[in-house]
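Chains C and S are the protein sequences, given in the same order. Just so you know, we're using our numbering here: the first sequence kicks off at 1 and counts up by one. Just so you know, we're using our numbering here: the second sequence kicks off at 1 and counts up by one. To start, the structure itself, in structure tokens.
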Amino acid sequence: MEKLKSGYMALIFGFLYLPMAVLVLYSFNSSKYSIRWEAFSLDWYRSLATDDTLLEASMNSLLVACLSASLACAVGTLGAVGLYRYRFKGRKLLQGLLFVTLMSPDIVMAVSLLVLFIAMHVKLGFWTLLLSHTTFCLPFVTITVLSRLEGFDRHLIEAASDLGASEWQAIRQIVLPLAMPAIMAGWLLSFTLSLDDVVVSFFVTGPEFEVLPLKIYSMVRLGVKPEVNALAALLFAVSLGVVISAQYLLQRKPQ
Amino acid sequence: MKQTNVFKTSIILLLSVWLAVFVLVPNLLVLVASFLGRDESGFIKFTPGFDNYLRLLDPIYLRVFAHSLGLALLTTVVCLGLGYPFAYFLAQFRPSLRPVLLTLVIVPFWTNSLIRTYAIRSLLAAKGLMNNTLIALGLIDEPIRLLYTGSAVLIGMVYILLPFMILPLYSAIEKLDRRLVEAAADLGAGRWRRFWHVTLPLTLPGIIAGCLLVFMPALGLFFIADVLGGSRDLLVGNFLKDQFLDARDWPFGAAASIVLIGLLLLFLSAYAYSLKQFSAEENH
Numbered sequence: 001m002e003k004l005k006s007g008y009m010a011l012i013f014g015f016l017y018l019p020m021a022v023l024v025l026y027s028f029n030s031s032k033y034s035i036r037w038e039a040f041s042l043d044w045y046r047s048l049a050t051d052d053t054l055l056e057a058s059m060n061s062l063l064v065a066c067l068s069a070s071l072a073c074a075v076g077t078l079g080a081v082g083l084y085r086y087r088f089k090g091r092k093l094l095q096g097l098l099f100v101t102l103m104s105p106d107i108v109m110a111v112s113l114l115v116l117f118i119a120m121h122v123k124l125g126f127w128t129l130l131l132s133h134t135t136f137c138l139p140f141v142t143i144t145v146l147s148r149l150e151g152f153d154r155h156l157i158e159a160a161s162d163l164g165a166s167e168w169q170a171i172r173q174i175v176l177p178l179a180m181p182a183i184m185a186g187w188l189l190s191f192t193l194s195l196d197d198v199v200v201s202f203f204v205t206g207p208e209f210e211v212l213p214l215k216i217y218s219m220v221r222l223g224v225k226p227e228v229n230a231l232a233a234l235l236f237a238v239s240l241g242v243v244i245s246a247q248y249l250l251q252r253k254p255q
Numbered sequence: 001m002k003q004t005n006v007f008k009t010s011i012i013l014l015l016s017v018w019l020a021v022f023v024l025v026p027n028l029l030v031l032v033a034s035f036l037g038r039d040e041s042g043f044i045k046f047t048p049g050f051d052n053y054l055r056l057l058d059p060i061y062l063r064v065f066a067h068s069l070g071l072a073l074l075t076t077v078v079c080l081g082l083g084y085p086f087a088y089f090l091a092q093f094r095p096s097l098r099p100v101l102l103t104l105v106i107v108p109f110w111t112n113s114l115i116r117t118y119a120i121r122s123l124l125a126a127k128g129l130m131n132n133t134l135i136a137l138g139l140i141d142e143p144i145r146l147l148y149t150g151s152a153v154l155i156g157m158v159y160i161l162l163p164f165m166i167l168p169l170y171s172a173i174e175k176l177d178r179r180l181v182e183a184a185a186d187l188g189a190g191r192w193r194r195f196w197h198v199t200l201p202l203t204l205p206g207i208i209a210g211c212l213l214v215f216m217p218a219l220g221l222f223f224i225a226d227v228l229g230g231s232r233d234l235l236v237g238n239f240l241k242d243q244f245l246d247a248r249d250w251p252f253g254a255a256a257s258i259v260l261i262g263l264l265l266l267f268l269s270a271y272a273y274s275l276k277q278f279s280a281e282e283n284h
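Below you can see the structure in the form of structure tokens.
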């Protein structure tokens with residue numbers, strides 16, 4: 001029975017990892033038609049490094065991912081502190097709105113943001129992309145931070161106010177340090193969500209500002225290309241690194 | 001105290017205004033647009049009416065919705081079937097190894113889904129690993145068509161969304177009080193009865209959460225069908241993309257989007273209702 005269970009788990013892990021593993025392996029294959037293994041080579045990585053449009057799209061993606069993750073963390077953390085610390089009218093409504101934003105599929109958000117930007121006559125490009133990405137990252141940050149804060153003893157803040165700390169001091173010196181691992185994990189999650197997004201970006205960016213997933217999308221639709229294998233391997237390595245750091249941050253016990 | 005109030009008001013306002021501007025208002029705009037018309041040159045015309053909704057009743061578009069819902073449902077069922085036993089075994093695994101295995105489930109969840117769809121594509125390609133393996137095993141003589149089929153799209157969907165099913169299932173199963181299952185065993189319940197009457201009802205919130213997390217994105221992931229299925233399998237996601245970006249019939253696209261939102265709200269409220277039922281039952 002135990003063997004059967006482990007076997008089943010191995011099978012599912014195989015399903016999840018085999019396609020990626022094959023892709024990574026073939027990114028080092030010198031053959032252009034990725035059927036036969038010829039020899040180890042870094043050619044595809046080299047041709048990636050010389051593809052200017054691809055490098056530009058990568059830089060754009062990293063920029064949007066960093067900025068939208070930071071913006072989402074700023075707004076989301078403050079919002080989480082507000083939801084944790086205060087009882088106010090419309091608190092339930094705000095939480096409901098966050099939940100709906102979290103659950104609404106990309107395509108619905110993409111359509112509504114496109115309509116908003118067009119109605120407001122905003123030119124599609126960097127800014128629309130930044131605002132949209134921040135919006136879909138926001139609930140993830142708020143909920144991650146809020147759930148960490150809810151695990152803490154409220155008396156700590158009361159003690160600080162009793163000792164004469166102002167609200168801002170109490171939040172800056174007690175609440176924010178306690179929430180820090182969750183904020184960082186939220187940042188990492190937002191960063192990858194932004195890098196990963198195809199659907200929303202497809203709708204809200206203009207022709208002048210191309211991002212990596214859209215670039216990959218146009219490459220992939222044309223067929224299997226060895227350069228894409230190399231790019232996939234690199235992105236896979238990035239996600240691996242990010243997940244491991246996020247797991248480490250979230251599992252670290254509060255002092 | 002006054003300072004506190006300013007701070008309190010501003011941080012609450014910041015989040016509220018952001019969500020109002022970028023979530024609430026845009027969706028209201030879509031709702032308004034869905035009732036408008038379009039003139040010959042493609043501009044939005046202010047002729048309010050239900051025309052766009054009536055147009056959606058055309059069998060062609062009904063088929064798109066039916067096909068999308070069917071595929072999303074099938075994806076959900078397959079993910080649940082594959083994911084439940086997996087999450088169950090994972091929860092029983094040696095505690096020392098569990099975090100590592102859990103991280104292994106999370107990694108694909110965080111990996112670019114387009115890249116992962118592409119990985120499936122190259123696996124299923126005519127000269128890909130799958131065909132070559134089948135030929136080497138002597139099961140087939142020449143490459144069979146795996147790409148651009150309905151099953152390719154289903155495999156891609158399951159591949160992308162399976163982690164979304166496993167994670168909530170795992171957290172529900174892990175929290176399960178094993179003593180209840182043992183008590184059922186002591187009272188003489190067999191393996192299946194224990195599962196059916198104890199384990200399954202107690203992990204229901206996880207099942208429902210997982211199903212929602214798979215079902216909702218499954219309706220919108222247009223690129224999976226694009227990359228793996230060609231354009232034959234028109235899904236709601238592809239349809240919306242076409243209406244908004246290619247045909248530029250916004251009012252019509254908006255109506256389709258509103259129908260989709262309506263369906264999703266229906267599912268979400270069913271989820272909220274079932275959670276309420278569940279906690280009410282637990283309190284008895």
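For every residue, glycine included, the Cβ atom is placed at its ideal position computed from N, Cα and C. Since the structure is predicted, the reported quantities are computational estimates derived from the model, not experimental observations.
Listed along chain C, no residue sits closer than 9 Å to residue 75 of chain S by beta-carbon distance, the nearest being about 13 Å off. Look at residue 112 of chain S here: in three-state DSSP terms it is coil, with no helix or strand label. Inclusion of residue 221 of chain S and residue 237 of chain S in the CB contact set at 9 Å is warranted, their separation being smaller than that value. C:233 is the residue among C:116, C:233, C:180 whose C-alpha sits nearest the C-alpha of residue 23 of chain C. Chain-order list of chain C residues neighbouring residue 255 of chain S: empty, with the shortest C-beta distance near 11 Å, by a criterion of under 8 Å.
In this structure the stretch 67-79 of chain C lies against the stretch 129-147 of chain C, because at least three pairs of beta carbons, one per stretch, are closer than 8 Å. For residue 181 of chain S, same chain residues with a beta-carbon under 7 Å away, outside a window of 5 residues either side, are 194, 198, 199 in chain order. Counting along the chain, no alpha helix (DSSP H) covers residue 105 of chain C, and no H or E run does either. At a cut-off of 9 Å between beta carbons, residue 92 of chain C makes no contact with chain S. Pairing residue 123 of chain S with residue 226 of chain C gives a Cβ-Cβ distance that is not under 9 Å.
Look at residue 108 of chain S: its C-beta is under 9 Å from a C-beta on chain C. Using a Cβ distance threshold of 9 Å, residue 165 of chain C and residue 173 of chain C count as a contacting pair. Under the three-state reduction of DSSP, residue 138 of chain S is assigned to coil, being neither helix nor strand. Interface residue (Cβ-Cβ distance to chain C less than 9 Å): residue 276 of chain S is not classified as such. In the structure shown, the three-state DSSP call for residue 79 of chain C is helix. Only residues of its own chain outside the window of five on either side were considered, and among them 166 have a CB closer than 7 Å to the CB of residue 86 of chain S, listed in chain order. Contact annotation for residue 196 of chain S against chain C: no contact, minimum CB-CB distance about 19 Å [criterion: below 8 Å]. Shortest Cα-Cα distance from residue 246 of chain C to any of S:88, S:99, S:157 involves S:99.
Beta-bridge pairing by DSSP links residue 29 of chain C to C:40. By the 16-neighbour rule on beta-carbons within 10 angstroms, residue 122 of chain C is exposed.
Neighbours of residue 173 of chain C across chain S, judged by C-beta separation under 7 Å, do not exist; the nearest C-beta is about 14 Å away. Within a 10 Å sphere around the beta-carbon of residue 23 of chain S sit 16 or more other beta-carbons, which makes this residue buried. Closest by C-alpha distance to residue 254 of chain S, out of C:235, C:109, C:2, C:29, is C:109. Residue 243 of chain C reaches chain S at 103, 106, 107, 110, counting residues in chain order whose Cβ is nearer than 7 Å. Under the 8 Å Cβ criterion, the stretch 2-22 of chain S does not count as touching the stretch 150-167 of chain S, having fewer than three qualifying pairs.
Close to residue 217 of chain C, with beta-carbon spacing below 9 Å, are these residues of chain S in chain order: 114, 223, 226, 227. Under the 9 Å criterion on CB atoms, residue 117 of chain S is classed as interfacial with respect to chain C. DSSP places residue 167 of chain C in the uninterrupted alpha helix (DSSP H) bounded by 167-170.
One finds 94 in chain C with Cβ atoms closer than 7 Å to the Cβ of residue 16 of chain S, taken in chain order. Taking 9 Å as the CB threshold, residue 38 of chain C stays off the interface with chain S. Contact of residue 85 of chain S with chain C by beta-carbon distance below 7 Å involves 8. Note that the stretch 138-149 of chain C does not touch the stretch 210-220 of chain C; fewer than 3 beta-carbon pairs, one per stretch, sit closer than 8 Å. At a cut-off of 9 Å between beta-carbon atoms, residue 121 of chain S makes contact with chain C.
The continuous alpha helix (DSSP H) containing residue 67 of chain S extends over residues 59-92.
Taking one beta carbon from each stretch, the stretch 155-166 of chain S and the stretch 76-83 of chain S have 3 or more pairs nearer than 8 Å; the two touch.
Apart from the 5 residues on each side of it in sequence, residue 219 of chain S sits with its Cβ closer than 7 Å to the Cβ of 68, 72, 236, 237, 260 in its chain, given in chain order.
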